């Protein structure tokens with residue numbers, strides 16, 4: 001078990017290197033450089049001297065492979081560099097500032113989705129073509145078809161403008177500092193309600209579909225038949241035997257969506273004015289802020305690889321066949 | 332306006348300290364509280380910015396959000412008043428020598444930095460040194476290149492000597508003055524951007540002090556009790572960063588913010604969506620001419636567009652009135668050249684191009700475009716007249732302009748394909764390499780009429796701004812003379828002639844100046860719309876005690 005894990009870990013390194021190399025190349029393939037970004041419509045004097053100095057300072061005057069090598073040597077020392085944007089702040093600091101709110105939103109969203117999607121999916125599978133199933137099917141298609149931003153605006157108009165129950169955007173009221181402790185907590189929480197509802201809506205649709213599908217497959221298996229034949233109560237058959245097996249693929253999908261937890265949604269963040277990772281990344285792309293883009297990518301790829309590793313290890317724990325196959329391939 | 336576009340549009344406006352200018356200052360709602368009672372201190376003003384600020388030392392930044400915030404924290408030696416005249420800010424008075432080469436400033440004596448240290452002429456010398464230090468990554472060095480020496484004669488007298496007369500000499504001292512005692516080491520090491528004051532606790536001399544900046548979320552400023560013109564009335568300013576224009580509008584409707592930011596509303600919001608009684612009661616809307624014009628530009632090295640008659644024909648074929656109606660709902664003014672009507676340099680007596688299809692056809696025929704092919708497209712020497720019109724992504728207005736022009740030119744027998752490209756790529760692949768046939772873009776204009784960088788024939792390199800490759804010796808001469816004089820009447824003659832030449836050549840089709848459409852909560856008083864917009868007297872804005880909404884002291 002341990003050697004297997006180690007082997008996977010060692011293999012992940014070249015993979016990570018490959019990912020960063022490809023990202024690095026792609027990033028530089030996009031036309032435009034950070035030093036070009038100034039003077040859109042305004043006749044600023046194009047200061048060539050300053051541009052050359054910045055290019056030199058940032059190492060953009062060197063050939064691409066040298067730039068990449070320099071970046072790698074720095075990153076192995078965990079030096080993510082400084083942002084190219086005029087605040088020139090360390091990349092890690094910028095990411096650290098944005099990460100908590102994105103993580104919080106996505107974790108809550110994920111928990112809500114899982115707790116709702118599993119029962120919905122299970123029930124609509126066991127009562128296939130029932131009224132409940134049909135209603136959820138309609139709901140699911142509505143969920144798939146509704147654009148995030150539209151739903152967000154509609155909810156903002158209803159709850160923010162018409163009813164005035166919830167704040168429209170941001171994370172805190174402008175008067176937050178002057179509120180009592182509990183009012184502060186409520187203030188913050190109330191700002192999160194709409195974004196979470198919007199983010200959950202689409203995810204819930206797809207997850208409950210997966211669950212329904214997975215459940216449908218399981219209930220047709222022979223062992224479910226035998227469980228019933230044994231005379232077990234239907235609740236035990238479904239709740240214990242079927243549900244557990246049906247959850248396996250869901251766990252895989254969950255594992256794969258782990259990296260998405262730090263990704264952040266650009267649309268939701270922009271509409272609700274939430275300073276999260278999505279906005280950071282998009283702005284970095286617009287400004288061709290290479291260090292921030294790469295820093296972001298490294299963290300996302302690390303998480304993806306990590307999540308895959310954990311998933312694989314869990315499998316091999318659960319399923320002896322994978323362990324055996326691994327041992328054989330080594331011979 | 333794309334986010335990038337918008338940001339850059341911002342800089343000149345703020346560089347001129349005092350915000351947007353405009354001549355016809357029609358406040359839509361004249362109930363804008365003048366007079367009623369004595370100004371009172373207090374309340375919080377919540378403003379919206381569409382972009383995150385990128386730092387707190389504006390001298391090394393380029394985005395309008397940072398300038399907006401920076402202009403309340405820092406001051407310059409001079410600024411612009413409501414009528415766009417240059418007036419003293421940190422300077423009490425100034426004097427030019429007769430040959431325009433020596434400029435002497437008398438500085439105010441009662442000014443303190445936000446940390447309590449006195450402000451002196453030495454700080455101005457330091458700011459100049461910082462701007463000229465090759466290690467300082469600033470985009471505004473050009474303003475100071477003409478300076479030969481800057482010297483603090485005594486703590487409150489500054490002497491500047493110019494190598495040759497420079498028209499923008501006085502205006503350039505509107506730049507933000509930085510404190511030597513705080514930033515000197517960073518400037519010396521070439522790390523001004525990395526200075527902690529660029530991230531928090533900047534030290535300036537302006538009416539507001541820094542309180543906090545939560546990146547991507549908000550910036551908070553508080554009134555400076557020691558401000559040299561007296562403590563400003565509004566106690567606290569919160570800039571909320573809200574990237575979506577739709578969200579800003581909903582926040583306005585829910586009265587969560589007091590202003591839609593310096594950029595204001597979109598034309599559609601201003602004209603249609605904000606027209607209901609509750610909104611009119613809660614907000615005052617203002618409208619004035621912005622310092623930005625939109626144009627149709629040609630690559631003049633393309634033989635088809637090198638012919639002046641073709642450009643003139645296009646100018647006649649585009650119905651500007653209809654265009655403004657279509658893309659701005661009428662909230663804009665026709666442009667006849669690169670100067671704003673009503674400003675001193677504007678020349679109203681130049682050739683204009685009223686909508687006239689017959690004339691357009693005539694001009695095209697004279698240029699050799701006579702016969703049409705089976706598709707109804709004009710042909711000359713076997714080549715059909717078709718070209719690609721490019722503009723940048725994220726700017727709906729420009730895309731619409733392109734579509735209207737496409738339709739107009741189709742009537743003329745010219746086929747136009749539209750391509751919308753992401754800004755960075757557009758700049759790098761098409762504009763800088765001059766690989767375009769025609770473009771829709773905009774120019775922001777400064778408060779000084781010098782437009783050397785945009786029109787002079789020496790400025791056609793890949794990184795220069797004469798992107799269309801315009802070259803006219805007489806225009807060059809006028810530009811050179813105009814920037815070398817410091818006497819307004821004399822400069823006016825040169826720029827008048829320059830505008831005549833431009834109108835005759837029509838190197839680009841000048842389309843329209845857009846209107847700025849700000850809104851401000853109606854509880855805020857003291858706003859006096861002027862040719863210089865509304866923000867020039869921000870320090871005098873106040874909320875009468877009974878109307879104060881937030882409890883900030």
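Residue numbers (this note's numbering), protein chains in the order written: chain A, 1 to 331; chain B, 332 to 884.
Even glycine gets a Cβ: it sits at the ideal position worked out from N, Cα and C.
Just so you know, these numbers come straight off a predicted model, no measurement behind them.
Test: residue i CB closer than 7 Å to a CB of chain A
| i | result |
| --- | --- |
| residue 391/B | yes |
| residue 587/B | yes |
| residue 578/B | yes |
| residue 534/B | no |
| residue 519/B | no |
| residue 569/B | yes |
| residue 362/B | With a pLDDT of 41 at residue 362/B, under the threshold of 50, the predicted position of this residue should be treated as unreliable, and no value is reported. |
Proximity below 7 Å, CB of residue i to CB of residue j
| i | j | result |
| --- | --- | --- |
| residue 799/B | residue 174/A | no |
| residue 288/A | residue 32/A | yes |
| residue 731/B | residue 658/B | yes |
| residue 266/A | residue 285/A | no |
| residue 825/B | residue 813/B | yes |
| residue 442/B | residue 459/B | no |
| residue 402/B | residue 420/B | no |
| residue 719/B | residue 750/B | yes |
| residue 845/B | residue 663/B | yes |
| residue 440/B | residue 487/B | yes |
| residue 468/B | residue 54/A | yes |
| residue 227/A | residue 218/A | no |
| residue 489/B | residue 436/B | yes |
| residue 280/A | residue 98/A | yes |
Residues bridged to residue i (per DSSP)
| i | result |
| --- | --- |
| residue 751/B | 722/B |
| residue 227/A | Answer is none; residue 227/A lacks a bridge partner. |
| residue 375/B | 567/B |
| residue 629/B | 769/B |
is_contact[residue i, chain B] using C-beta, thresh 7 Å
| i | result |
| --- | --- |
| residue 270/A | yes |
| residue 161/A | yes |
| residue 32/A | yes |
Cα-Cα separation between residue i and residue j, rounded to whole angstroms
| i | j | result |
| --- | --- | --- |
| residue 854/B | residue 589/B | 9 Å |
| residue 610/B | residue 156/A | 17 Å |
| residue 823/B | residue 58/A | 44 Å |
| residue 869/B | residue 858/B | 8 Å |
| residue 777/B | residue 305/A | 52 Å |
| residue 385/B | residue 396/B | 8 Å |
| residue 270/A | residue 592/B | 16 Å |
| residue 697/B | residue 643/B | 11 Å |
| residue 105/A | residue 115/A | 16 Å |
| residue 735/B | residue 836/B | 23 Å |
| residue 559/B | residue 552/B | 17 Å |
| residue 779/B | residue 819/B | 10 Å |
| residue 371/B | residue 171/A | 30 Å |
| residue 95/A | residue 717/B | 48 Å |
| residue 311/A | residue 122/A | 23 Å |
| residue 128/A | residue 252/A | 24 Å |
| residue 612/B | residue 599/B | 19 Å |
| residue 602/B | residue 577/B | 15 Å |
Nearest candidate by alpha-carbon position, reference residue i, set the options
| i | options | result |
| --- | --- | --- |
| residue 108/A | 150/A, 199/A, 125/A | 199/A |
| residue 391/B | 727/B, 525/B, 447/B | 525/B |
| residue 833/B | 684/B, 411/B, 383/B, 395/B | 684/B |
| residue 409/B | 396/B, 425/B, 829/B, 398/B | 425/B |
| residue 91/A | 105/A, 103/A, 75/A | 75/A |
| residue 544/B | 527/B, 560/B, 487/B | 527/B |
| residue 50/A | 16/A, 6/A, 34/A, 24/A | 34/A |
| residue 66/A | 227/A, 21/A, 160/A | 21/A |
| residue 256/A | 233/A, 290/A, 149/A, 302/A | 302/A |
| residue 445/B | 708/B, 694/B, 512/B, 580/B | 512/B |
| residue 561/B | 639/B, 872/B, 879/B | 872/B |
| residue 628/B | 616/B, 646/B, 618/B | 646/B |
| residue 688/B | 757/B, 648/B, 464/B | 648/B |
| residue 536/B | 517/B, 547/B, 523/B, 507/B | 507/B |
Contacts that residue i makes with chain E (C-beta to C-beta distance below 7 Å)
| i | result |
| --- | --- |
| residue 529/B | No chain E appears in this structure, whose protein chains are A and B. |
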